[in-house]
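Undergrad: Residue numbers (the UniProt record's numbering), protein chains in the order written: chain A, 1 to 303; chain B, 1 to 303; chain C, 1 to 303; chain D, 1 to 303.
Here it is, the structure in full.
Protein chains: 4
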Amino acid sequence: MTFQPVLERIAEDIGRMPDRGRPAGYIPALAACDPARFGMAVAEPDGTVYGVGEWRTPFSAQSVTKVFTLALDLAREGDALWEHVGREPSGNPFNSLVQLEYEGGIPRNPFINAGALVVTDRLHTRTGDAAAELLTFLRTESGNPGLAFDLDVAASEDAHGDRNAALAHFMASYGNIASPVPVLLDQYFRQCSVAASCADLALATGFLARHGVRADGSRLLSRSQAKQVNAVMLTCGTYDAAGDFAYRVGLPGKSGVGGGIIAVVPGRCTLCVWGPGLDERGNSVSGVAALDRFTTLTGLSVF
Amino acid sequence: MTFQPVLERIAEDIGRMPDRGRPAGYIPALAACDPARFGMAVAEPDGTVYGVGEWRTPFSAQSVTKVFTLALDLAREGDALWEHVGREPSGNPFNSLVQLEYEGGIPRNPFINAGALVVTDRLHTRTGDAAAELLTFLRTESGNPGLAFDLDVAASEDAHGDRNAALAHFMASYGNIASPVPVLLDQYFRQCSVAASCADLALATGFLARHGVRADGSRLLSRSQAKQVNAVMLTCGTYDAAGDFAYRVGLPGKSGVGGGIIAVVPGRCTLCVWGPGLDERGNSVSGVAALDRFTTLTGLSVF
Amino acid sequence: MTFQPVLERIAEDIGRMPDRGRPAGYIPALAACDPARFGMAVAEPDGTVYGVGEWRTPFSAQSVTKVFTLALDLAREGDALWEHVGREPSGNPFNSLVQLEYEGGIPRNPFINAGALVVTDRLHTRTGDAAAELLTFLRTESGNPGLAFDLDVAASEDAHGDRNAALAHFMASYGNIASPVPVLLDQYFRQCSVAASCADLALATGFLARHGVRADGSRLLSRSQAKQVNAVMLTCGTYDAAGDFAYRVGLPGKSGVGGGIIAVVPGRCTLCVWGPGLDERGNSVSGVAALDRFTTLTGLSVF
Amino acid sequence: MTFQPVLERIAEDIGRMPDRGRPAGYIPALAACDPARFGMAVAEPDGTVYGVGEWRTPFSAQSVTKVFTLALDLAREGDALWEHVGREPSGNPFNSLVQLEYEGGIPRNPFINAGALVVTDRLHTRTGDAAAELLTFLRTESGNPGLAFDLDVAASEDAHGDRNAALAHFMASYGNIASPVPVLLDQYFRQCSVAASCADLALATGFLARHGVRADGSRLLSRSQAKQVNAVMLTCGTYDAAGDFAYRVGLPGKSGVGGGIIAVVPGRCTLCVWGPGLDERGNSVSGVAALDRFTTLTGLSVF
């Protein structure tokens, strides 16, 4: 099956959407993005990629990278990770700190900021350079050696990093962070700053459609672990809208404030969509709409 | 594919489990149940049923019925329901009142008690007797006309009903409950008290494997609605363990404090397992383990 | 010292206030009150009363009565009461239910609604008619046998009583309420509905200026208990504005949504002020301003 | 009136107390303190001091210093301070971060850690060295030029400072902290580390009994401001036990985890008591008992 006609039809539909949200405002590089921009790519397990719109244009991956950091750490330490971070939806719109306090410094899941800081800290402790690990992985899986950090974006994040610093110190007070906080934040902001295209990210997500196997045929995660990462994406991947995303799209997905969303149809394909305008919960308006259309048009859904 | 050998193997494995939790203590009829009891049934879309253990023994369905009430109301009022109840995981182990207060009397999802009270209230307002609607539906789908309420259990619930009364009055203070509270509680407790077997409940869940179609071929829910109910089950169906359940089992499921769990493999089959011993989050210990084994042995999972 | 000139000056100052808030909106009888109305009375320990404005006009005492119910129950059961209700400020603007849940059904203090329901429940259990006890006490201390419940107001409260019903059922679920909830609410709403004037309430509060001694010289509370009630009033008497009230006024006080506030200068006098317009925290705007002026002009303050 | 006989009687009573709590465990210098140690001093407005036990032994003042920092900043910036910190009791045993989040980075009052960090930040911004300001003030008022920081204690605090760092960064994310966080923490921990005796601290608190006037007759605070500081002490001075402290002791007071408590009888005297054993809310067990005895024996209380 070729996905090309479906993608073109989706792009047309998106082109007619009157309101596509607003870009994230807290970083100049993101705030300047035109919400009308749009790209989408589908990658099949064998590496075939289909695309539409600006599917080869790099954008700021932001929290989309949390999936890869999670997989890289899980591949190394296995279930021991789950003693340091949970895998339940966070549920509460107003809260990361509340729940951290209530649960003794253990974040609810690896995709809220607190949880991603813990995963980065653990990968960093194991490898000596978590950001370098991530970059190497993304370059290899996407076949794009030019994929890089955007250090201006990382510096902007750092300048607005008080809230993440608060989270990191707070978890450190419970003994759940090993790295010095400034080192951890530098690692974390660099990871978030990765600039990659829809094609790059759809390809890099491929291991989740291949039940844990990397592009070169080697195994990153066990079949069971790949299934588990998909499950965490479905229940926790889109901030406080995970239930709504599951309801509308019905695929494991992970969004970022740069406007990107990756999604997985296990065994069939991976997707990445980009639209910089966000809804009030921080998910790309055109991105969610495009994925919704995709599952409706193709009938592909996990449900 | 016959599921019989898989079920037998699971029953053997469960038989060797050293600890199967404790039955719910707040109702005498439930507290007296031996946690070693066990039954499991699988129903195929065409109505073929496989079973093992006490798969024909009626037990107290409790919150498992919330799926059917949701479907019955959704079939009637459609998306308007979602203005009165959300579909996000509740996330918070220590309350429902906090979130109700924070969110202005709109429960997070239809499967926490507050949300189920709203759905029952709406179905009751529309039909004049929500409990009767539910019973008729369950009898028809299971083909078991003897299926009935256990009025002793309902009376016991009522005697310990202060917390549900608090929830109902609290939502009424926000205008989100239309029935008089005592009427609503009577309806609610009767629904929870339904006594049904694994075979009954696996068959009654069949419409979710058949993409919305009832046993007689008529349509209850649209394809899209059936997918949506599955999504809500996956993200919200097992109290504060939805993430863990998705991670371990990877199927839409709904548990009850009577020790039952129903689950769906869309397009393939529906399951019901019963083991009265619960874990600290209120889910059947042997039930979760049995479903975990099922997905491992068959490779069936949505991920 | 005669307080008359001070009262007249205060009334003049209040007369020039441009904004005196808005009356409570949820009960028709309260909502209809003109925020420009104003009365104030000071009672000396010997029973001498000074007044200004509408100091002899009955108004709806509402939560002001919580002080008397507390004293009447404390006189009967002593420190055992504090096992059922705390005496710490509630602190949280959005919460009664949150804290109740966190603290296992024990309200933070006797002046939030949940705590007052507990105190009423205990007094009612001991006397068989808490509301009658209260009325007799108020009539005797004020010397006004015509003082009465306003049953229209009580009925209005009852019609909007879902939130209090929720609180009562919630505490009952923790075993902290002994009466049937409807009986308790009837008692509670009748107490709140007492119609009394500034003169009546200033006189009825006299026992707190007389270190526990009633108007006829008999002892209601021990010296130590009277001091304790004053302490609870200072730290918890004005909803979420207790700190601000202590800061501005510096006297033990208790406000009600009818616009009344009582206050105590231990050993010297008691005050009652009435102005139906409330601020956003539920305290009388002109009432707080008048007490603020009183302590500034007289130098009387506990600090 | 000489306070000497009263103090001796209190010391005797305290000597018979079977359980005097446990010293704070998180700093070695504090953890090593014997809970049986005890000292108490009373200072009259004219500078006369009475004492008993180890009333001349320096101990770690810790949060007791928050009163002086508050007064020093209030003297400089007046009511503008209250736009950056509230004056309501914190009410919640289980957090400060929750309320900070709920209230947009404005701490509830100047005596919880978050609030004290804000006050220190503001004093530091105004003076260039908040800790030096504090030290000069304490030396002058106590007449003890040897009074000093304990830099070992400050270093210990810093080593366990993640939670305070989290608070500071969190408030900085709301724009409510002006200093760089490491500078602020250094200032804060030095202030907390002040070693002073009961005599020193009772004398240094004298301005609150003298309605704002310093030992040399110059004015630090207006009469109204002195009253206001007393009010904040009464409602917020003893962590989550402010209501209980007001109930039992009935005086404005401020405690520290070093086991010290200062208290004020406006117009009459100031007190400082020291006993290193704490109760579960962080207040000195023998200290609260001694102040309770003092008010009972002398009849001095604000109520």
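For every residue, glycine included, the Cβ atom is placed at its ideal position computed from N, Cα and C.
Taking 8 angstroms as the cut-off, does the region 213 to 226 of chain A touch the region 236 to 252 of chain A (at least 3 CB pairs, one atom from each stretch)?
TA: Too few Cβ pairs lie closer than 8 angstroms, so no.
Undergrad: Could you check the C-alpha separation between A/Gly-259 and A/Val-249 for me, to the nearest Å?
TA: Taking the straight line from one Cα to the other gives about 16 angstroms.
Undergrad: Sorted by chain position, which residues of the same chain lie with C-beta nearer than 6 angstroms to B/Arg-76's C-beta, five sequence neighbours on each side aside?
TA: Correct list, in chain order: Arg-126.
Undergrad: State whether the region 31 to 49 of chain B contacts the region 266 to 275 of chain B, with contact taken as three or more CB pairs (one from each stretch) at a distance under 8 angstroms.
TA: Because the criterion of three Cβ pairs below 8 angstroms is met, the region 31 to 49 of chain B and the region 266 to 275 of chain B touch.
Undergrad: Which ranges would you report for the beta strand (DSSP E) in the region 225 to 291 of chain B if only whole runs of at least 3 residues count?
TA: Whole beta strand (DSSP E) segments, 3+ residues: 253 to 255, 260 to 265, 269 to 274.
Undergrad: Within 9 angstroms (strictly less), CB to CB, does A/Ala-204 reach chain D?
TA: Output row for A/Ala-204: interface = no.
Undergrad: Which class does B/Ala-148 belong to by DSSP, given the choice of helix, strand or coil?
TA: Residue state, collapsed to three classes: strand.
Undergrad: Candidates A/Thr-120, A/Gly-299, A/Val-265: which alpha carbon is nearest A/Val-183's?
TA: Of the candidates A/Thr-120, A/Gly-299, A/Val-265, the one whose C-alpha sits nearest the C-alpha of A/Val-183 is A/Thr-120.
Undergrad: Assuming C/Val-229 and C/Ala-71 make a contact with CB atoms under 8 angstroms, what is their CB distance in whole Å?
TA: Confirmed, about 6 angstroms.
Undergrad: Measuring alpha carbon to alpha carbon, tell me which of B/Pro-89, B/Asp-34, B/Ala-172 ends up nearest A/Gly-237.
TA: The shortest Cα separation from A/Gly-237 among B/Pro-89, B/Asp-34, B/Ala-172 belongs to B/Pro-89.
Undergrad: Using only alpha-carbon positions, find the residue among A/Ile-27, A/Glu-83, A/Gln-191 that is nearest to A/Ala-131.
TA: Closest by alpha carbon: A/Gln-191.
Undergrad: Decide if A/Gly-256 is buried, meaning its Cβ has at least 16 other Cβ atoms within 10 Å, or exposed.
TA: Result: buried.
Undergrad: If I measure Cβ to Cβ from C/Ala-165 and keep anything under 7 angstroms in the same chain, skipping five residues before and after, which residues do I get?
TA: Result list for C/Ala-165: Val-181, Leu-185, in chain order.
Undergrad: So is A/Cys-269 in contact with chain G if we call contact Cβ pairs under 9 angstroms?
TA: The chain inventory of the structure shown lacks chain G, comprising the protein chains A, B, C and D.
Undergrad: Could you tell me if A/Leu-134 is buried or exposed, where buried requires 16 or more neighbouring beta carbons within 10 angstroms of its beta carbon?
TA: So A/Leu-134 ends up on the buried side.
Undergrad: In three-state terms, what does DSSP make of D/Val-118?
TA: D/Val-118: helix per DSSP, three-state reduction.
Undergrad: Would you call the region 191 to 201 of chain B and the region 47 to 60 of chain B in contact, with 3 or more CB pairs under 8 angstroms?
TA: Counting Cβ pairs under 8 angstroms, three or more are found: they touch.
Undergrad: Counting only the same chain and skipping the five closest in sequence on each side, list residues whose C-beta sits under 7 angstroms from that of residue 307 of chain C.
TA: No information on residue 307 of chain C is available, as it lies outside the stretch 1 to 303 that chain C covers here.
Undergrad: Counting only runs that start and end within the region 36 to 90 of chain D, where is the alpha helix (DSSP H) found for 4 or more residues in a row?
TA: If we require 4 residues or more, the alpha helix (DSSP H) runs fully inside the region 36 to 90 of chain D come out as 66 to 77.
Undergrad: By DSSP, does D/Val-181 sit in helix, in strand, or in coil?
TA: Residue state, collapsed to three classes: helix.
Undergrad: For D/Arg-22, name the three-state secondary structure that DSSP assigns.
TA: In the structure shown, D/Arg-22 sits in a strand (DSSP, three-state: E or B).
Undergrad: Specify the secondary structure class of A/Ala-219 as computed by DSSP and reduced to three states.
TA: A small correction: the amino acid at residue 219 of chain A is Arg; Ala does not occupy that position in the sequence shown. Three-state result, A/Arg-219: strand.
Undergrad: Pull out every residue of the region 182 to 211 of chain D whose Cβ sits closer than 8 angstroms to any Cβ of chain A, in chain order.
TA: Residues: none.
Undergrad: Among D/Asp-216, D/Ala-168, D/Ala-195, D/Arg-22, which residue has its Cα nearest to the Cα of D/Glu-141?
TA: Cα-wise, what sits closest to D/Glu-141 is D/Asp-216.
Undergrad: Going by the beta-carbon positions, is the gap between C/Ala-246 and C/Leu-291 smaller than 9 angstroms?
TA: Cβ atoms of C/Ala-246 and C/Leu-291: not closer than 9 angstroms.
Undergrad: Answer yes or no: does any C-beta atom of chain D fall closer than 9 angstroms to that of A/Phe-170?
TA: So, interface residue.
Undergrad: Where do the N-terminal and C-terminal ends of the beta strand (DSSP E) with D/Ala-32 fall, by residue?
TA: Premise fails: D/Ala-32 is in no beta strand (DSSP E) and is neither H nor E.
Undergrad: Buried or exposed: which applies to B/Tyr-26, given that a residue is buried once 16 or more other Cβ atoms fall within 10 Å of its Cβ?
TA: Classification of B/Tyr-26: exposed, given that the 10 Å Cβ count is below 16.
Undergrad: Tell me whether C/Ala-154 is buried or exposed, calling it buried when 16 or more other Cβ atoms sit within 10 Å of its Cβ.
TA: Under this definition C/Ala-154 is a buried residue.
Undergrad: To the nearest whole angstrom, what separates the beta carbons of C/Ser-179 and C/Asp-150, a pair I think is in contact under 8 angstroms?
TA: Actually they do not touch by this definition, with Cβ atoms about 22 angstroms apart.
Undergrad: For C/Gln-228, go through chain D and note every residue whose CB falls closer than 9 angstroms to its CB, in chain order.
TA: Correct list: Ala-246, Tyr-247, Arg-248, Gly-250, Phe-303.
Undergrad: Just the chain B side, please: which residues come within less than 9 angstroms of C/Leu-97 by C-beta, in chain order?
TA: Those within 9 angstroms of C/Leu-97 in chain B are Asn-95, Leu-97, Val-98, Leu-100, Glu-101, Ala-166, Phe-170.
Undergrad: Using a C-beta to C-beta distance shorter than 8 angstroms, which residues of chain B count as neighbours of C/Arg-163?
TA: His-169, Phe-170, Ser-173, listed in chain order.
Undergrad: When burial is assigned at 16 or more other CB atoms within 10 Å of the CB, is B/Arg-122 buried or exposed?
TA: Buried, because 16 or more other Cβ atoms sit within 10 Å of the Cβ of B/Arg-122.
Undergrad: Distance check for C/Ile-10 and C/Gly-21, CA to CA, integer angstroms please.
TA: Computed Cα separation, rounded: 18 angstroms.
Undergrad: With DSSP as the reference, please indicate the residues paired to C/Val-194 in a beta bridge.
TA: Bridge partners of C/Val-194: C/Phe-149.
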